[in-house]
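With positions in the sequence shown counted from 1, the corresponding number in this note's numbering is that position plus 25.
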Amino acid sequence: MQWEEYMNRRRRERSLNRFAVILSSKKRKQVIKKKHTVTDVEERNNNKKENVQICEDLMKSISLPILKTGESSTS
C-alpha cells in the first residue's frame, strides 16, 4: 500500500515538474518576444554601425603592412 502511495506521489510530482518547465519556457518566450521592439532593433543597428566604425578606425590607425602571398611575416 505504501509503495502505491509513493509511486502516485512521484507521478504527480513528475507531471507537476513537467508543467512547471513548460510554463517557465512559455514565460521566457513571452519575455523574448516583448524585448524585440522597434527602438531596440534601431539601437542594435546603431551599435553595430558604431562598432564597425570603431574597427575601421582601429585598422586605419594600426595600418599593418599587408603581406604579399609567399612572404613570411618574419622576413
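All residues carry an ideal CB built from backbone N, CA and C; glycine is no exception.
Ordered along the chain, which non-local residues of its own chain (more than five positions away) have a Cβ less than 8 Å from that of residue i?
i	result
N33	none
How big is the Cα-Cα spacing for residue i and residue j?
i	j	result
S40	V46	10 Å
R36	S50	21 Å
E75	F44	44 Å
Suppose the cutoff is 6 Å on Cβ atoms and the five residues either side in sequence are ignored; what does the same chain contact list for residue i look like?
i	result
N42	none
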